[in-house]
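Trainee: In the working numbering, the protein residues as written are 1 to 125.
Here a beta-carbon is modelled for each residue, glycine too, at the ideal position from N, C-alpha and C.
Quick caveat: nothing in here was measured; it's all calculated off a predicted structure.
Starting off with a structure, shown below.
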């Protein structure tokens, strides 16, 4: 017997001083919107099952935090980011920003440059 998945969501978990951030790095359709705030609102109104699926039991917990990487609207940004938690959506998050940035650099989505790497995130904030 084989198990088949018709849809898969790809995530990487990060931990910043004990705070988790589950970052969606693939598997979602393109999120429409003329700003990251509009993209966040689209996810909130049409795709909230993703937040529930990733943050709540049995895959998550009350302290789980998440982020969806999306195409930025601003051409100078490296990535758009939609932050979420078990109770809803946030415009910005400190530990989430550290987690997202670590994942972007660690996976090569943003190239590592010496002596320092600049990462620009576009959020609803």
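Could you tell me which residues DSSP pairs with residue 16 in its beta bridges?
Mentor: Your numbering for residue 16 matches position 16 in the chain shown. Per DSSP, 19.
Trainee: Would you call residue 39 buried or exposed, if buried means 16 or more other Cβ atoms sit within 10 Å of its Cβ?
Mentor: Here residue 39 is taken as the residue at index 39 of the chain shown, counted from 1. When all chains shown are included, residue 39 counts as buried.
Trainee: Residues in its own chain within less than 7 Å of residue 8 by CB, not counting five upstream and five downstream?
Mentor: Within the chain shown, the letter at position 8 stands for residue 8. Only 27 meet the Cβ criterion.
Trainee: State buried or exposed for residue 24, treating a residue as buried only when at least 16 other CB atoms are found within 10 Å of its CB.
Mentor: As a working note, residue 24 is residue 24 in the chain shown. Buried is the call here.
Trainee: Take the Cβ of residue 67 as the centre, count every other Cβ of all protein chains shown within 10 Å, and call the residue buried at 16 or more, exposed below.
Mentor: Residue numbering aside, residue 67 sits at position 67 when the chain shown is read from its first letter. Answer is buried; the Cβ neighbour count reaches 16.
Trainee: Under 8 Å, with one C-beta from each stretch per pair, do the region 46–63 and the region 92–110 reach the 3-pair mark?
Mentor: Segments in contact, no.
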